[in-house]
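> Going down the list, the protein sequences come from chains G and S.
Numbered by the working numbering, the letters in the first sequence go through residues 1 to 432 in order.
Numbered by the working numbering, the letters in the second sequence go through residues 1 to 432 in order.
There are 2 protein chains.
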Amino acid sequence: MMDFATRIHNHNYRLDPIIRSLLDTDFYKFLMHQFIWMLYPRVPVTFGLINRTKEVRLAAIIPEEALRAQLDHCRSLRFRENELIWLAGNRFYGRRDIFRPEYIDYLRSFRLPDYQLETIDGQYVLTFAGAWTEVTMWEIYALAIISELRTRAAMASLDKFELDILYAQTKTKIWGKIKRLHEWPQLRLAEFGTRRRHSFLWQEWVTDVMASELGPAFVGTSNAHLAFKHSYEAIGTNSHELPMVAACLADSDEALKSAQYDVLAKWQEVYDGELLIILPDTFGMTQFLRDAPDWTSRWTGMRLDSKEPVAAGEEVIAWYKARGQDPLRKRCMFSDGLEVDSMIELHKKFRGRIRESFGWGTMATNDFRGCHPRGLNTLDPISLVCKVTHANGRAAVKLSDNPAKTTGSPPEIARYTRIFGQDGFRHADVVV
Amino acid sequence: MMDFATRIHNHNYRLDPIIRSLLDTDFYKFLMHQFIWMLYPRVPVTFGLINRTKEVRLAAIIPEEALRAQLDHCRSLRFRENELIWLAGNRFYGRRDIFRPEYIDYLRSFRLPDYQLETIDGQYVLTFAGAWTEVTMWEIYALAIISELRTRAAMASLDKFELDILYAQTKTKIWGKIKRLHEWPQLRLAEFGTRRRHSFLWQEWVTDVMASELGPAFVGTSNAHLAFKHSYEAIGTNSHELPMVAACLADSDEALKSAQYDVLAKWQEVYDGELLIILPDTFGMTQFLRDAPDWTSRWTGMRLDSKEPVAAGEEVIAWYKARGQDPLRKRCMFSDGLEVDSMIELHKKFRGRIRESFGWGTMATNDFRGCHPRGLNTLDPISLVCKVTHANGRAAVKLSDNPAKTTGSPPEIARYTRIFGQDGFRHADVVV
Numbered sequence: 001m002m003d004f005a006t007r008i009h010n011h012n013y014r015l016d017p018i019i020r021s022l023l024d025t026d027f028y029k030f031l032m033h034q035f036i037w038m039l040y041p042r043v044p045v046t047f048g049l050i051n052r053t054k055e056v057r058l059a060a061i062i063p064e065e066a067l068r069a070q071l072d073h074c075r076s077l078r079f080r081e082n083e084l085i086w087l088a089g090n091r092f093y094g095r096r097d098i099f100r101p102e103y104i105d106y107l108r109s110f111r112l113p114d115y116q117l118e119t120i121d122g123q124y125v126l127t128f129a130g131a132w133t134e135v136t137m138w139e140i141y142a143l144a145i146i147s148e149l150r151t152r153a154a155m156a157s158l159d160k161f162e163l164d165i166l167y168a169q170t171k172t173k174i175w176g177k178i179k180r181l182h183e184w185p186q187l188r189l190a191e192f193g194t195r196r197r198h199s200f201l202w203q204e205w206v207t208d209v210m211a212s213e214l215g216p217a218f219v220g221t222s223n224a225h226l227a228f229k230h231s232y233e234a235i236g237t238n239s240h241e242l243p244m245v246a247a248c249l250a251d252s253d254e255a256l257k258s259a260q261y262d263v264l265a266k267w268q269e270v271y272d273g274e275l276l277i278i279l280p281d282t283f284g285m286t287q288f289l290r291d292a293p294d295w296t297s298r299w300t301g302m303r304l305d306s307k308e309p310v311a312a313g314e315e316v317i318a319w320y321k322a323r324g325q326d327p328l329r330k331r332c333m334f335s336d337g338l339e340v341d342s343m344i345e346l347h348k349k350f351r352g353r354i355r356e357s358f359g360w361g362t363m364a365t366n367d368f369r370g371c372h373p374r375g376l377n378t379l380d381p382i383s384l385v386c387k388v389t390h391a392n393g394r395a396a397v398k399l400s401d402n403p404a405k406t407t408g409s410p411p412e413i414a415r416y417t418r419i420f421g422q423d424g425f426r427h428a429d430v431v432v
Numbered sequence: 001m002m003d004f005a006t007r008i009h010n011h012n013y014r015l016d017p018i019i020r021s022l023l024d025t026d027f028y029k030f031l032m033h034q035f036i037w038m039l040y041p042r043v044p045v046t047f048g049l050i051n052r053t054k055e056v057r058l059a060a061i062i063p064e065e066a067l068r069a070q071l072d073h074c075r076s077l078r079f080r081e082n083e084l085i086w087l088a089g090n091r092f093y094g095r096r097d098i099f100r101p102e103y104i105d106y107l108r109s110f111r112l113p114d115y116q117l118e119t120i121d122g123q124y125v126l127t128f129a130g131a132w133t134e135v136t137m138w139e140i141y142a143l144a145i146i147s148e149l150r151t152r153a154a155m156a157s158l159d160k161f162e163l164d165i166l167y168a169q170t171k172t173k174i175w176g177k178i179k180r181l182h183e184w185p186q187l188r189l190a191e192f193g194t195r196r197r198h199s200f201l202w203q204e205w206v207t208d209v210m211a212s213e214l215g216p217a218f219v220g221t222s223n224a225h226l227a228f229k230h231s232y233e234a235i236g237t238n239s240h241e242l243p244m245v246a247a248c249l250a251d252s253d254e255a256l257k258s259a260q261y262d263v264l265a266k267w268q269e270v271y272d273g274e275l276l277i278i279l280p281d282t283f284g285m286t287q288f289l290r291d292a293p294d295w296t297s298r299w300t301g302m303r304l305d306s307k308e309p310v311a312a313g314e315e316v317i318a319w320y321k322a323r324g325q326d327p328l329r330k331r332c333m334f335s336d337g338l339e340v341d342s343m344i345e346l347h348k349k350f351r352g353r354i355r356e357s358f359g360w361g362t363m364a365t366n367d368f369r370g371c372h373p374r375g376l377n378t379l380d381p382i383s384l385v386c387k388v389t390h391a392n393g394r395a396a397v398k399l400s401d402n403p404a405k406t407t408g409s410p411p412e413i414a415r416y417t418r419i420f421g422q423d424g425f426r427h428a429d430v431v432v
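1. Applying a beta-carbon distance threshold of less than 7 Å, which residues of chain G neighbour Asp16 of chain S?
2. Which chain G residues are close to Phe161 of chain S, counting only those with a beta carbon under 8 Å from its beta carbon?
3. Could you work out which residues of chain G lie near Asp367 of chain S, taking near to mean beta carbons separated by less than 9 Å?
4. Just confirm the distance between the C-beta atoms of Arg150 of chain G and Ile18 of chain G, as a whole number of angstroms; I'd bet it's less than 8 Å.
5. DSSP three-state call for Ile62 of chain G: helix, strand or coil?
6. Strictly under 8 Å for the Cβ-Cβ distance: is Ala364 of chain S near chain G by that measure?
7. Just the C-alpha distance for Thr6 of chain S and Phe161 of chain G, rounded to the nearest angstrom, thanks.
8. Residue range of the alpha helix (DSSP H) that Leu158 of chain S falls in?
9. Decide if the stretch 295 to 303 of chain S is in contact with the stretch 410 to 421 of chain S; the criterion is three or more beta carbon pairs, one per stretch, under 8 Å apart.
10. Just checking: is the beta-carbon of Asp3 of chain S within a distance shorter than 8 Å of some beta-carbon in chain G?
11. Kindly indicate which three-state DSSP category Gly375 of chain S falls into: helix, strand or coil?
12. So what does DSSP say about Asn223 of chain S, is it helix, strand or coil?
13. Among G:Lys321, G:Glu213, G:Asp326 and G:Thr133, which has the Cα closest to the Cα of Glu241 of chain G?
14. Just to confirm, does Asp336 of chain S get its C-beta within under 7 Å of one of the non-hydrogen atoms of the ligand ATP?
15. In three-state DSSP terms, what is Ile344 of chain G?
16. Exposed or buried, Ile120 of chain S, counting other C-beta atoms within 10 Å across all chains shown (16 or more means buried)?
17. Count the other CB atoms, across all protein chains shown, that sit within 10 Å of the CB of Pro309 of chain S; report buried if there are 16 or more and exposed otherwise.
18. Does the beta carbon of Thr406 of chain S sit closer than 8 Å to a beta carbon anywhere in chain G?
19. Assign Ser157 of chain G to buried or exposed, taking buried as 16 or more other Cβ atoms, counted over all protein chains shown, within 10 Å of its Cβ.
20. Locate the beta strand (DSSP E) running through His240 of chain G, then write down its first and last residues.
21. Across which residues does DSSP place Leu276 of chain G in a beta bridge pair?
22. Using a Cβ-Cβ distance under 8 Å, would Ala168 of chain S count as near chain G?
23. Taking CB distances under 8 Å as the criterion, tell me whether Phe307 of chain S reaches chain G.
24. Which residues mark the beginning and the end of the alpha helix (DSSP H) in which Gly284 of chain S is found?
25. For chain G, check one thing: does any of its Cβ atoms lie closer than 8 Å to the Cβ of Trp184 of chain S?
26. Select from G:Arg80, G:Gly361 and G:Phe200 the residue whose C-alpha is nearest the C-alpha of Leu189 of chain G.
27. Kindly indicate which three-state DSSP category His390 of chain S falls into: helix, strand or coil?
28. Here's the rule: buried if 16 or more other CB atoms are within 10 angstroms of the residue's CB, otherwise exposed. What is Met1 of chain S?
29. On the three-state DSSP scale, how would you describe Trp360 of chain S?
30. Going by DSSP, name the residue or residues bridged to Pro44 of chain G.
31. Hey, is Thr221 of chain S's beta-carbon within less than 8 Å of any beta-carbon in chain G?
32. What are the partner residues of Gln203 of chain G, as DSSP defines its beta bridges?
33. Since Ser229 of chain G meets chain S, which of its residues come closer than 8 Å, beta carbon to beta carbon?
34. Is there a Cβ of chain S sitting closer than 8 Å to that of Asp380 of chain G, yes or no?
35. Are the stretch 168 to 184 of chain G and the stretch 394 to 404 of chain G touching by the rule of at least three beta carbon pairs closer than 8 Å?
36. Below 8 Å between beta carbons: does that hold for Leu58 of chain G and Gln123 of chain G?
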């Protein structure tokens, strides 16, 4: 039976939106958003897109008109009532009422602020400036839009069979990975790949297969829309932007040094329980742990995102022991460019020593390497981030334990380096 | 847009027919059918299904009711006028008017005769008895029905994602094979996999991908329906049933020995040009060539279907030279359980020495080995044939160069072996 409407729509439509729901973002954005909305509503910030894979000239690949159409469409979106009811009524990490009714009311009228787009040297310079409460939400939408527009551009030249083979080969590849993970039923992992996904539909397919095949080892997804739609656990707490902006609010070197702890002290006033996850590497993990107030050791655990993971895990375990804490009661989530081999290696290394778990990102939702039917690399993932670049009139800095992930202006990076030092820093290539 | 009719039909239907067109058979059946209809219309024959993979107990896998429903549906089919116009009007092997108008008229009222079905020791005993002109057409339909019913039974327990992964892995596997063939653009091959295909839709997909990717190296398909539907060349000439029945018509040992040549003499009265392909192995290739009348060396070429192919090819080249024929003007088609490696090996061995080509069958249209998402072998191909078992009141015999492919009653096999000898026979395991 010919479904005329679908056939015509598939070949003649106004726009194929990439972001179709404001829930289609990382869950941690909502926790941070409420936190910002409560405590820092009027801090002026700028976020900017950074393509660390410079040889991929995004402006030569993605038509500017298409990018603007997707960003504009995203700005037209509003939270739907069923989505707000889910945020308000769902349990997250076993707790009800994480989101205040006033915050939900605020979301009801939320819309994304405007963006600035220009092209320099073949790269899009995409920036978002305004109040932190508004600008922060652009991060994941912008990344997912750029990522999927690049996917679409690469696929536009493939014919029917090539598309079929592309997905057959990629499904075969991810299935091989999931089958390997299946051999380690105690290896707990979440899907963390929204920001650099191949496409929404592919992320959804991968996440559904993980849920179906891995059973309880699949603990959930960072994507709030997928969690809502499929009743998965929403996973995630906070990110580097909190200490980065907090540091920009500091008026002295001493205040700058303690900002990384002060923002966490405020976080624990707002949240508790499983939401108390430290991301220690914004200005270097070693200095963070060495100088951390003792109350931080009573938090739920940590997420390790840049230091070589075996060394980072050992450092965390030693630190908990030194602070009189039992590592076996602490969560240790790895989330830096993970792949099946590294997850299994870390699982074997740390199981029974700390409550290790994994946030599997780009290599889950965008590993098309070797799958292009003509052998091209146009669908390989790239290292794309959207970071706060300025806050409170100052350039924002992230040092990271891997200098390849450092962001900020050179003079500010120099100042931060003087204050925080570089203990334990080590360069490593960044793939995604 | 919900297409209600399709959704409901997909989950609530009377029958999903496997054979939907009487053209959905090997093209050689039509050439043989016309030949039989002209010269042997009333020879009584019996065809029977033979499952050489005895450990697969088909009657325990395929419900008898489903098998009867498909066979009955097949009997209800008639040639459609557009199909008859194609048979009458198309060029085959560059020639028009291969099929006589009277034969086309005969096809217009053709219907398949009845079948006999019983179950013995877990295997279906499926036989077709009657006039050769009617019974012969059952061969491919019956094989394709059994093959696809087995496929359906194996897939019925797979869930949505497992089905998705099954086809993703199999597409990846066949794509790897086609990519390897792509490296040998002079390697000419046809798709020959109707009889043991996974399913009609899979055969069609594989054939379409081969046509799309291999370009002129893909010379066509044995399947008349696919040739008609997609405007591919229809490939094939004749099979073992001609000398097998001819042998049953012989009334003396001398007549039996010469029947293999006499039937070809009649064939060349009916057909000429590229249709003069010898299948020399029915009673052993070495005796066939040794004792063959000289006019057989002037035919277009040979199809090699059971002897170890390198030895067979060398034997054919030497024979043509001994008969004063230039092998480079002779076709040599290999068709016995071919796989990519063996085709490339034979291509490298024989290119520039004879006009070698390949009929790629089951390993093109039903190689699901290693692709089952739970690692089962229920979708692996089996060795299923439908052969003439009796003709003219006698047991029919095929000796073959590989005794594993011998069919017939033991006393008759003994008689044939006495008459034809066993020169060059060598046992090899039969996979498909």
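Yeah, the Cβ is synthetic: ideal placement off N, Cα and C, and Gly gets one too.
Reading from the atomic positions:
1. Within chain G, no residue has its CB atom less than 7 Å from the CB of Asp16 of chain S, the nearest being about 15 Å off.
2. Asp208, Val209, Ser212 and Glu213
3. Simply none; closest approach about 14 Å.
4. About 11 Å; that fails the 8 Å criterion.
5. coil
6. Taking Cβ atoms only, chain G never reaches closer than 8 Å to Ala364 of chain S, which makes this a no.
7. 24 Å
8. From DSSP, Leu158 of chain S is part of no alpha helix (DSSP H); its letter is neither H nor E.
9. no
10. yes
11. If DSSP states are grouped into helix, strand and coil, Gly375 of chain S belongs with coil.
12. Looking at Asn223 of chain S - three-state DSSP - the assignment turns out to be strand.
13. G:Thr133
14. The model on display carries no ligand, and the ligand ATP is accordingly not part of it.
15. In the structure shown, Ile344 of chain G sits in a helix (DSSP, three-state: H, G or I).
16. Exposed is the call here.
17. Here Pro309 of chain S is buried: its Cβ has 16 or more other Cβ atoms, across all protein chains shown, within 10 Å.
18. Not one chain G Cβ lies under 8 Å of Thr406 of chain S.
19. Under this definition Ser157 of chain G is an exposed residue.
20. His240 of chain G -> no beta strand (DSSP E), and no H or E assigned at all.
21. Partner(s): none; Leu276 of chain G has no beta bridge.
22. yes
23. Residue identity check: residue 307 of chain S is Lys in the sequence provided, not Phe. With 8 Å as the cut-off, Lys307 of chain S does not count as an interface residue toward chain G.
24. It is not in any alpha helix (DSSP H) - Gly284 of chain S carries neither H nor E in the DSSP assignment.
25. no
26. G:Gly361
27. strand
28. exposed
29. strand
30. DSSP links Pro44 of chain G through a beta bridge to G:Ala131.
31. Between Thr221 of chain S and chain G, the shortest Cβ-Cβ separation is not below 8 Å.
32. Answer by DSSP bridge pairing: none, since Gln203 of chain G is not bridged.
33. A small correction: the amino acid at residue 229 of chain G is Lys; Ser does not occupy that position in the sequence shown. By Cβ distance, chain S contributes nothing, its closest Cβ being about 16 Å from Lys229 of chain G, past 8 Å.
34. Not closer than 8 Å to any Cβ of chain S, the Cβ of Asp380 of chain G fails to qualify, so no.
35. no
36. yes
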